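S.K.: With the working numbering as the guide, the letters of the sequence shown map in order to residues 421 to 638.
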Amino acid sequence: VFIVSLLLSVIIIYSDDLSEKLTYNLNRNLNVDWGDDHPKFLKQRLNVDLLDLSVSWDYFNILFPNTETALILNALSNIQSSGCISKISLSLNFKIKIICNEIRINLKKNKWTKYNKLHISRTFFFERRVFDDLYDKQSNVVVNIDTTNLVINKINLGHHVIEYSFVDKGNMQLMIDGEVVVLTKKHEGLNIHTVDSNYFFLNRNFFNNTIKREITDV
421 VFIVSLLLSV IIIYSDDLSE KLTYNLNRNL NVDWGDDHPK FLKQRLNVDL LDLSVSWDYF
481 NILFPNTETA LILNALSNIQ SSGCISKISL SLNFKIKIIC NEIRINLKKN KWTKYNKLHI
541 SRTFFFERRV FDDLYDKQSN VVVNIDTTNL VINKINLGHH VIEYSFVDKG NMQLMIDGEV
601 VVLTKKHEGL NIHTVDSNYF FLNRNFFNNT IKREITDV
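1. Identify every run of the beta strand (DSSP E) within the region 441–476, keeping only runs that are complete inside it and at least 3 residues long; order them along the chain.
2. State yes or no: is the C-beta of residue 597 within less than 8 Å of the C-beta of residue 581?
3. When we look at the beta-carbon of residue 468 and count the other beta-carbons within 10 Å, is it buried (16 or more) or exposed?
4. Go to residue 510, then tell me how far its beta strand (DSSP E) extends in each direction, as first and last residue.
5. Under three-state DSSP, which class holds residue 439?
6. Tell me, please, which residues DSSP counts as bridged to residue 618.
7. In terms of alpha-carbon separation, which member of 474, 455, 479, 518 lies closest to residue 465?
8. In three-state DSSP terms, what is residue 526?
9. My understanding is that residue 527 touches residue 496, with C-beta atoms under 8 Å, so please give their C-beta distance in whole angstroms.
10. If we count the other Cβ atoms within 10 Å of its Cβ and call it buried at 16 or more, is residue 617 buried or exposed?
11. Where are the beta strand (DSSP E) runs, 3 residues long or more, that stay fully inside the region 541–598, in chain order?
12. Just to confirm, is the Cβ distance from residue 505 to residue 474 under 8 Å?
13. Report all residues from its chain with a CB closer than 6 Å to the CB of residue 422; omit the five preceding and five following residues, and keep chain order.
14. Where does residue 557 land, buried or exposed, given buried means 16+ other C-beta within 10 angstroms?
15. Would you mind stating whether residue 456 and residue 485 have Cβ atoms separated by less than 8 Å?
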């Protein structure tokens, strides 16, 4: 108990210095250029508050690489957020709550083929490593995003609350304003299931052997 109390006292006394150091390190890491195949980060007034267990920013823009391939990540052009604060809750589940004034997402156009009740992407393919990497980093984390304005391709959809977490290694659950969306990793690709619809992104092999071949034949 004494050691814990002493540690907490040190953190409180030096919280400003520690927050400043964490802010510097976070900004420095985000400034690193990892090459053309990795996202770039543009930000303004990105600050860490150790006592509040929070990170805030006036502006944060994620620019995704344009590799000119059909990988599902290339469906995203950029994600821009403004007036945000992210808080960490250390309860039974590790929870991150992000509150923003505005989030803007630019998506590239996707074409679909309908097979029975399944909508299959003709534009992008899925790679398991994308799902697996996210699971490795966030398998025990619940992320809740509350934005006053959600703007997708310049269309303001208004206020939205989005929460996501992993059910297990093969399933991720999204809650969008209370409606459940389940993302399931399958051998053939990624299935996105909503109450009304089913969407599917084939893996690279299935995509190249079916969709890409059909497009070439046309």
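Glycine included, each C-beta is placed from N, C-alpha and C at the ideal position. Predicted, not measured: the structure shown is a model, and the values here were computed from it.
M.R.: The answer reads as follows:
1. If only complete runs of 3 or more residues are kept, the region 441–476 shows the beta strand (DSSP E) at 460–464, 467–469, in order along the chain.
2. Between residue 597 and residue 581, the C-beta gap is smaller than 8 Å, which places the two residues in contact.
3. So residue 468 ends up on the buried side.
4. 496–510 is the extent of the beta strand (DSSP E) around residue 510.
5. Correct three-state label for residue 439: helix.
6. Bridge pairing for residue 618: 538, 613 [DSSP].
7. Nearest Cα to residue 465 within the set 474, 455, 479, 518: 479.
8. In the three-state reduction of the DSSP assignment, residue 526 falls in the strand class, which pools E and B.
9. 6 Å between Cβ atoms; contact.
10. Per the 10 Å Cβ criterion, exposed.
11. Here the runs fully enclosed are 561–572, 580–588, 591–596.
12. Against a cut-off of 8 Å, the Cβ pair of residue 474 and residue 505 comes out as a contact.
13. The pLDDT assigned to residue 422 is 45, lower than 50, so where the model puts this residue is not dependable, and the model offers no usable value.
14. By the 10 Å Cβ count, residue 557 comes out exposed.
15. Their beta carbons are under 8 Å apart, which means residue 456 touches residue 485 by this criterion.
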